[in-house]
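Quick notes on the structure that follows.
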Ligand SMILES: [Zn+2]
């Protein structure tokens, strides 16, 4: 991934003379409500006016081929995530349950498809933990 324009924070500042300016923050590239309050308190003490609002602006990036290099979740073979079979799975990340996209090579995808035919694998165990949106009863 190549960063064309880094992320930044645009702030609106009301200066002590009453004028309002819109500027890019010189030091901070991502603002939160808590940080916004802290900085505002410091600015008020310093008599430099007050920020009235902020807007986080995402970086502009260009994807490169290397960004699409992934590994098969089952066998570890390298693959291209743009063309490989993938499915959504749940994973734990920092104590939170997050949805991830797992990629599988063609060979492992076949195994995955055969899970229902009797082969019990780690994939099946993982798949069973994923909540399905499919109805559990068949409607005629
Ligand atoms: Zn594989």
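Numbering (the working numbering), first residue to last: 180 to 319. Note that CB positions come from ideal geometry on N, CA and C, so glycine has one too.
Problem - Near ligand 1: residue 256 beta-carbon under 7 angstroms from a heavy atom - result: Taking the first residue of the chain shown as 1, we reach residue 256 at position 77. Residue 256: yes, Cβ under 7 angstroms from ligand 1.
Exercise for the section: For the alpha helix (DSSP H) containing residue 292, list its first residue and its last residue. Expected result: Your numbering for residue 292 matches position 113 in the chain shown. Per DSSP, residue 292 belongs to the alpha helix (DSSP H) from 285 to 293.
Exercise for the section: Go ahead and pull the three-state DSSP assignment for residue 230. Expected result: Counted from its first residue, the chain shown places residue 230 at position 51. It is a strand residue.
Exercise for the section: With a 10 Å radius around its C-beta and 16 neighbouring C-beta atoms as the bar for buried, classify residue 258 as buried or exposed. Expected result: Here residue 258 is taken as the residue at index 79 of the chain shown, counted from 1. Counting Cβ neighbours within 10 Å, residue 258 comes out buried, since at least 16 surround it.
Exercise for the section: Return the residue from the list 194, 252, 261, 233 that minimises the CA-CA distance to residue 225. Expected result: To locate residue 225, count along the chain shown from 1; it is residue 46. Nearest C-alpha to residue 225: 194.
Practice task
Taking the CB atoms as reference points, tell me whether residue 358 and residue 283 lie closer together than 8 angstroms.
Solution key: The structure shown does not extend to residue 358, since the chain spans only 180 to 319, so no value can be given for it.
Exercise for the section: Could you check how far apart the C-beta atoms of residue 188 and residue 233 are, in whole angstroms? I think they sit under 8 angstroms. Expected result: Reading the chain shown from its first residue, position 9 is the one you call residue 188. Reading the chain shown from its first residue, position 54 is the one you call residue 233. Residue 188 to residue 233, Cβ: 6 angstroms. Contact.
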